[in-house]
Structures are given as structure tokens and as C-alpha cells.
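A short worksheet on the structure shown next.
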Amino acid sequence: MINSNEIIDDIANKEYEFGFTTDIEMDIAPPGLNEDIIRFISAKKNEPEWLLEWRLKGFQAFKKLKFPKWQHFELPELDLQALSYYAAPKKKKQLNSLDEVDPELLATFEKLGIPLNEQKALTGVAVDAVFDSVSVATTFKGKLKEMGVIFCSFGEAVQEYPELVKKYLGTVVPHSDNIFAALNSAVFSDGSFVYIPKGVRCPMELSTYFRINAQNTGQFERTLIVADDNSYVSYLEGCTAPMRDENQLHAAVVEIVALDHAEVKYSTVQNWYPGDKDGKGGIYNFVTKRGICKGQSSKISWTQVETGSAITWKYPSVILQGDHSEGEFYSVAVVRNKQIADTGTKIHHIGKGTRSRIISKGISAGHGDNSYRGLVSVGPRAENARNFTQCDSLLIGNQCGSHTFPYIESRNKTAMIEHEATTSKIGEDQIFYLNARGIDSEKAVALIVNGYVKEVLNQLPMEFAVEAQKLLSITLEGSVG
Amino acid sequence: MLTIKNLHAEVEGKKILKGINLEINKGEMHAIMGPNGSGKSSLASVLAGRDNYTVTEGEVWFNGKNLLDMSPEDRAREGVFLAFQYPVEIPGVSNINFLKTAVNEVRNYKGLPPMEAKEFLKLTKEKQQLVDFNTNLMNRSLNEGFSGGEKKRNEIFQLAMLNPSLAILDETDSGLDIDALRIVSNGVNKLRDEEKSFVVITHYQRLLEYIVPDFVHVLYNGRIIKTGTKELALELEEKGYDWLKETEHEKESV
Ligand SMILES: Nc1ncnc2c1ncn2[C@@H]1O[C@H](COP(=O)(O)OP(=O)(O)OP(=O)(O)O)[C@@H](O)[C@H]1O
Ligand SMILES: [Mg+2]
Numbered sequence: 078m079i080n081s082n083e084i085i086d087d088i089a090n091k092e093y094e095f096g097f098t099t100d101i102e103m104d105i106a107p108p109g110l111n112e113d114i115i116r117f118i119s120a121k122k123n124e125p126e127w128l129l130e131w132r133l134k135g136f137q138a139f140k141k142l143k144f145p146k147w148q149h150f151e152l153p154e155l156d157l158q159a160l161s162y163y164a165a166p167k168k169k170k171q172l173n174s175l176d177e178v179d180p181e182l183l184a185t186f187e188k189l190g191i192p193l194n195e196q197k198a199l200t201g202v203a204v205d206a207v208f209d210s211v212s213v214a215t216t217f218k219g220k221l222k223e224m225g226v227i228f229c230s231f232g233e234a235v236q237e238y239p240e241l242v243k244k245y246l247g248t249v250v251p252h253s254d255n256i257f258a259a260l261n262s263a264v265f266s267d268g269s270f271v272y273i274p275k276g277v278r279c280p281m282e283l284s285t286y287f288r289i290n291a292q293n294t295g296q297f298e299r300t301l302i303v304a305d306d307n308s309y310v311s312y313l314e315g316c317t318a319p320m321r322d323e324n325q326l327h328a329a330v331v332e333i334v335a336l337d338h339a340e341v342k343y344s345t346v347q348n349w350y351p352g353d354k355d356g357k358g359g360i361y362n363f364v365t366k367r368g369i370c371k372g373q374s375s376k377i378s379w380t381q382v383e384t385g386s387a388i389t390w391k392y393p394s395v396i397l398q399g400d401h402s403e404g405e406f407y408s409v410a411v412v413r414n415k416q417i418a419d420t421g422t423k424i425h426h427i428g429k430g431t432r433s434r435i436i437s438k439g440i441s442a443g444h445g446d447n448s449y450r451g452l453v454s455v456g457p458r459a460e461n462a463r464n465f466t467q468c469d470s471l472l473i474g475n476q477c478g479s480h481t482f483p484y485i486e487s488r489n490k491t492a493m494i495e496h497e498a499t500t501s502k503i504g505e506d507q508i509f510y511l512n513a514r515g516i517d518s519e520k521a522v523a524l525i526v527n528g529y530v531k532e533v534l535n536q537l538p539m540e541f542a543v544e545a546q547k548l549l550s551i552t553l554e555g556s557v558g
Numbered sequence: 083m084l085t086i087k088n089l090h091a092e093v094e095g096k097k098i099l100k101g102i103n104l105e106i107n108k109g110e111m112h113a114i115m116g117p118n119g120s121g122k123s124s125l126a127s128v129l130a131g132r133d134n135y136t137v138t139e140g141e142v143w144f145n146g147k148n149l150l151d152m153s154p155e156d157r158a159r160e161g162v163f164l165a166f167q168y169p170v171e172i173p174g175v176s177n178i179n180f181l182k183t184a185v186n187e188v189r190n191y192k193g194l195p196p197m198e199a200k201e202f203l204k205l206t207k208e209k210q211q212l213v214d215f216n217t218n219l220m221n222r223s224l225n226e227g228f229s230g231g232e233k234k235r236n237e238i239f240q241l242a243m244l245n246p247s248l249a250i251l252d253e254t255d256s257g258l259d260i261d262a263l264r265i266v267s268n269g270v271n272k273l274r275d276e277e278k279s280f281v282v283i284t285h286y287q288r289l290l291e292y293i294v295p296d297f298v299h300v301l302y303n304g305r306i307i308k309t310g311t312k313e314l315a316l317e318l319e320e321k322g323y324d325w326l327k328e329t330e331h332e333k334e335s336v
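Protein chains in written order, with the numbering used here: chain A, 78 to 558; chain B, 83 to 336.
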């Protein structure tokens, strides 16, 4: 019989599938964080004065803020001065169509399974591809435009739709929200912008694919999604990074605004490089994601499948401001080797009759450490607010950790808040039972894990659910003995 | 088909099997009886490859292959099936999905393509009827919240689906009501043919009235101390095990 340690070692040494690098000419700013670099970025992007001002306010806030201490892990030393804050593939000239995108870049995304050529692209999914700090291509832009849907890089939105950007930027995640959000506000590079006009149901999934390639750069994208009255959009974010020796910081911000009766579904399949078996070289995934249900009966739903990164630290949140608005959070977070995840959600019930649902599934294997941290707050005006939280942990092996920190703050007596939590372990007897039916141990774990996360994966668009399922079986391979 | 020679095994340093010899030919039905703790389930576990048991001596040959060299999953794929005394609950994994995976793993081992959905459904329906297995249970999580009897019936249903050449039934009769016992026994009898062999572990002679064994073995203290035909089961029912234990102890003290 195979020794369990052998399998674990074998897997730890297994190569991360997306760990290759692309050799491409880059514009890279010298390392260092100061006002000059912010002005440099802003100028490079030909930004209006108000945006530069906003960045500088972000920088001022950043300087006053401190790194938090409440998280359930030791924050590694971050030398923010050693990072380069701008890295972009060199462009020969202004791009007019996909045909002009550097073939090396197209090939990179193709290798990642994200063909940018519209003929080859997944039907029904429009993609904005972000390579290091900048958006390199957006597919199906024309088709979407016909319906009034704006889907483009953030930089392009600043040029083409400055009034929209100005109206909503920072309204959900203010420039001073937390130290990483402040840093992002100061130096954000690019990202995606989405606007769905009144009454439009976006006909395809919108998706951003982030790829970190350059070394010693931080990745600071900003995504802004605005769904106007009675509109609907489903948005998906995917990400990978090459294997490096140095850990890299990814401090993105996502803001979502849902107006009256609008619905936004935001899904993430996160597969950043987790580092070697000690987490060395992995991504620090410290992002701020928040949505506001501004309009009545609006709805925002977060679904995340977190399998990569050395440290994942984020709480996609919803502010339920509009009466009868609804927020959802579905999460699967997997940690193995020495990966750390401290993730969960915050739901603020402000409006009347607001509802929320939280389903969190943590999976810990190896020496991984998984924390669920969640806040459900109910304000005095939130008559009849309802929350249901289900928080499950699955342990594989004896050396991993799992923790739950649920916070509840209710200031309205009519609120109903339910919290359920379970912890289970994949037992040797379960594995043996499946073995005895001809199923090997790795398949057995995959079968159990897939059953365990089904409720969350069901929330993902079909193609991505399949993708996520594959990812889960890869990331958990060999976690048993 | 199965040859067990002088099999010794221990668990956590404790000797449990102390020299088992057993020969099972194609098409035979063997019953194993014996007092609690005598090692019946242990023998089944060792044959299925449970890894907390260490084989310290002896050999097991299955269709000419060294069974002890194989992983548990390969033993299953080769055609060894263990109906567990205590089937395990696996939340979140639907019974049907589990079965499909199991059936296809065995097929894959034999170089066959996965079974077509339609064919699988047909097979499921057919075998379900064989043991009168409730359709509702098909879509539930594997054994989760199943009653004791439902779990046992599920084991036999899986047996029917996987169609192994050697089936070891560990106290499948305990926990079944009278009607279920009859249904399950009938199911087993229908599965019997000259290619398949069975080892039925039981405490009750009643089961052996339905499933008539070719041989009855008494396992005591890690050894087979007596082998006979179905009449032996009747004798045990009447006299218990003490008379055998005594002769056994006499032998030991010689
Ligand atoms: N993991 C273990 N650690 C220690 N002892 C064990 C372990 N597993 C089994 N045993 C012991 O091995 C002996 C044989 O157990 P086994 O389950 O094979 O008995 P059995 O004949 O099937 O009994 P029953 O009729 O009660 O099912 C018992 O004394 C039991 O306590
Ligand atoms: Mg037993």
C-alpha cells in the first residue's frame, strides 16, 4: 500500500499547472511607492485631474492607516517600497482590434484556456483579459454595445464614460476603507468596468481573467459594476499567476452597485499560485470586495471558489440598503500544504425586509489553516430582516486547522438570524468503504469533496462549475493517506 | 477461486487471525459462524484489504493472483466484494452517483468504456427490483440517515450492481426484518450461479434456511475449528459454541 506521506510529498512537488511565464517586452516602473509614481501612473493612463486627486487622497489615507492585527494568521512582512507599481506589456501603437494584440499574449491566454479570439471563445461568455496591470483585450464588446451594455477595461471607461466612473467610483469601497483598499485607490492599474442599462438582461456572462506575469510587481486592479434599474448581469472572475520565488501581493478592489430591482451575480474561481509546499512564492490575495443593494428589491450574490494563493484574505460583503433587497454569499475555500485562508462575508441589513443567505464550505488538508469570519449586522430600521448562515468545515488529515468566527449584531427585535455550523472529517472508514467498491483514494476524496461543495458549485455558471470541479480535484489530489 | 493458507493477522499489535485455512471453489456457498469477537469481520476486512490489519503470515490467492499484494480498490475491481457489517455513511455523495463511479471504475479496470447512461439506468432498475430497493434511497446521500435494514439492503443492491465473483456478506441478515430477510435472501439466491462464490457470515441458522450453504465453518479465536455442512448450523443453533470451545481448548492444552 502506498504510504500517505509519499502521496503528500508527491503532490506537494507536483507542478502548478499554470506556473509558466511569458517572455514579453514590458514597461515597468522602478520600484517604490510615492506621489511621483502615482502621478506617473495617472499620466501614463492619461487620466483626468479629478482621478489623480482621488488617487492622491487614497495615498494620504494609506499613509495614516495601519496593517490590521485581528486576522487569524501572522501577516507576513510586506515591503511595499520594493514593489513596482506599474507593469504593462509594451504596445507598439493603439489597438483597434484583437488582431493587433501581441500574438505572444493571445497565446498565453489560449494556454490558460481563455481564447480571446471570438470564434474560439466560449459562446455566451465575454472576456476582459488583464495581463499584469493592464487589460489587453475584451471580447464581444461590439455585440454587448448593441444592447447598451458597457464592458471594457477600467482605463477605457475613464476615457469614454468619465461621468459614470466619477459617479460610482469609491461609493461602495471608499478610498480610506482599509489599508489595502487605500493602496489600491492610490495605485490601481486597470481592471474591468461594467454598466448594465435600465431594463437590460445582459445576454452573456461577463468575465475578467487576471494573469500576473511580471516579477516583483503588485497587482492592483479595480472592478466597478453598476446594474441600473431592473437589469441583470452575471460576472465571473478567474485568475492564475506563474511560479515565482518571491511572494506577490494582489490587492484588488471590486465595487458593485445594484439599483432598483437589479440583480448582480459575481463569481470568482481563484487559482493564484499557492507557492511551494511552504507557501514560498505564492500570492498574497488581499482584496476588498463589496456590493451595495442600493435599490429596493435588488440582489447581489457572491460565489467564490478559492483554491489558490499562499494567503487568501477577503470578505466579499453586501450592504442591503434598499428595502427588500437580498444578499447572498456562497463560498468554498480550500487550503492545503501551508496555505492560509481567512475569508467570509459581511452582510449589513439596513433596509426593511432585507434577506441574506450565507453558505460557507471550508476544506482543510495538509497543514492548511482555514478560517471563516463573518458578520451579520441588522440596523434599527431593518424590520423583519432575515439571515441564514450555514458554515461547514471539512478536515482531511490531522494537521490542518479550521476556525469559525461568526459575529452577529442585531439592533432590531424583529430580525431573525439563524446560524448552523458543522465540522466533519473525511474518515478512513469512508475512504475504505469507497476503496472496497473499486474507487481509489484520490477519486474517493474527490467524490466526497464534490458532494460537500455541490451547493456552492451549483451557483456557478455551468462551464465554470465544471472548471471549478476539476480545480478542486487537482488541488486536493493526494491530500489523503 | 480463493485459497487462504495459514493466514495470520493482527491489529494494533493484537493477534486476531491465527492460522486460517480455507478453500473456496467457483459456485460454492460458504457460511462462517462463530461467537462474537472470534475474528469473522477481521477475516473479511483482511480479504478486502483494510490497512489497519497487518498480515504477519500466510497467503491468499484469488483466481491465481496474490490477493495480499493488491490495493483494496484493485481487489474490488478483480471481483472481491465485501458487504459491510456496518456500512459507512457518506454525506453529500448521492447513492446513484457513487454507484455510477464504482461501476465505471470496475469497467475501466477491465478495459471497458464507461457505461452508457441509458444502460446504467436499465441495470439500476433491474437490480433495484431484485432486492426491492426503494427508489427514494437512490438519490439520497450514500447511507446517510438510512435505517439499519436499508443500509443492509443497499449493500446487497450494490452487490447486484457490481456483480463480483466473490461476495463476502458480513452479517447482512442482522437488522433485517422477517420480510426483508426473505427478500434479501431471494436476491442473493438469484445472484447465485456456478461462476460466483459466496461467504456468508452470520449468527443465525435462520438465514441458512433461505440461503443454503455448501459448507459451514466455525471460526473461534482466530481459527476455523470445525467445518461441516448445513446440519452443523442446526447443531450450533441447538448446542451453542461451548462444546466446540471445550474440544478446542483440550487440543490447545495437549
Ligand atoms: N482496531 C482494532 N483494535 C483493537 N482490536 C480490534 C480492532 N478491530 C478488531 N479488534 C478485535 O478483534 C477481535 C475480532 O473482531 P471481529 O470484529 O473480527 O469479530 P467478529 O467475529 O466479527 O465479531 P461479531 O460477531 O461481534 O461481529 C475482537 O476482539 C475485536 O475487539
Ligand atoms: Mg463482525
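Ideal Cβ placement from N, Cα and C applies to all residues, glycine included.
Backbone secondary structure at residue i - three-state DSSP
i, result
"W390 (chain A)", "strand"
"G528 (chain A)", "helix"
"Q467 (chain A)", "strand"
"D133 (chain B)", "coil"
"R222 (chain B)", "coil"
"F297 (chain A)", "coil"
"N362 (chain A)", "strand"
"T329 (chain B)", "helix"
"G167 (chain B)", "With the sequence shown as reference, residue 167 (chain B) is identified as Gln, and Gly is not the correct amino acid for it. Looking at Q167 (chain B) - three-state DSSP - the assignment turns out to be coil, as it is neither helix nor strand."
"D104 (chain A)", "strand"
"S256 (chain B)", "coil"
"I503 (chain A)", "coil"
"S127 (chain B)", "helix"
CB contact check: residue i to chain A, cutoff 8 Å
i, result
"A249 (chain B)", "no"
"A184 (chain B)", "yes"
"Q240 (chain B)", "yes"
"F180 (chain B)", "yes"
"V93 (chain B)", "no"
"V170 (chain B)", "yes"
"F166 (chain B)", "yes"
Listed by chain order, chain A residues near residue i by CB distance under 7 Å
i, result
"G174 (chain B)", "I525, G528, Y529, K531"
"T132 (chain B)", "Here the sequence assigns Arg to residue 132 (chain B), which means Thr is not the residue at that position. Residues of chain A passing the Cβ test: F509."
Beta-carbon neighbours of residue i, restricted to chain B and to distances below 9 Å
i, result
"K520 (chain A)", "E155, T183, E187"
CB contact below 8 Å: residue i versus chain B
i, result
"A498 (chain A)", "no"
"G515 (chain A)", "yes"
Among the options, the one whose alpha carbon lies nearest that of residue i
i, options, result
"P393 (chain A)", "A:S262, A:V530, A:N362", "A:N362"
"H338 (chain A)", "A:S375, A:V271, A:S344, A:Q347", "A:S375"
"K233 (chain B)", "B:Q287, B:N216, B:Q211", "B:N216"
"W325 (chain B)", "B:P117, B:K312, B:G131, B:E110", "B:P117"
"K209 (chain B)", "B:L258, B:R222, B:E198, B:V266", "B:V266"
"P125 (chain A)", "A:I494, A:E240, A:L511", "A:E240"
"M111 (chain B)", "B:K182, B:L273, B:D133, B:G193", "B:L273"
"V281 (chain B)", "B:E317, B:L241, B:I98", "B:L241"
"K218 (chain A)", "A:S284, A:I436, A:V334, A:L537", "A:S284"
"S262 (chain A)", "A:K275, A:S269, A:F297", "A:F297"
"N225 (chain B)", "B:S124, B:E171, B:P195", "B:E171"
"P196 (chain B)", "B:N268, B:L205, B:K182", "B:K182"
"E405 (chain A)", "A:L524, A:Y449, A:Y343", "A:Y343"
"W349 (chain A)", "A:D267, A:G399, A:V271, A:E314", "A:E314"
"S501 (chain A)", "A:K520, A:P483, A:V526, A:I494", "A:V526"
Within chain A, partners of residue i - CB distance below 9 Å
i, result
"Y191 (chain B)", "G515"
"A158 (chain B)", "N512, A513, R514, G515, I516"
"L244 (chain B)", "R514, G515"
Partners in chain B for residue i, counting only beta-carbon separations shorter than 8 Å
i, result
"D506 (chain A)", "V170"
Notebook entry, point to check: Which runs of the alpha helix (DSSP H) fall wholly inside the stretch 240 to 284 of chain A and span at least 4 residues, in chain order?
Noted result: As far as the stretch 240 to 284 of chain A is concerned, its whole alpha helix (DSSP H) runs of at least 4 residues are 256 to 264.
Next item on the list: Identify every run of the alpha helix (DSSP H) within the stretch 379 to 460 of chain A, keeping only runs that are complete inside it and at least 4 residues long; order them along the chain.
Entry: Listed in chain order, there is nothing to give.
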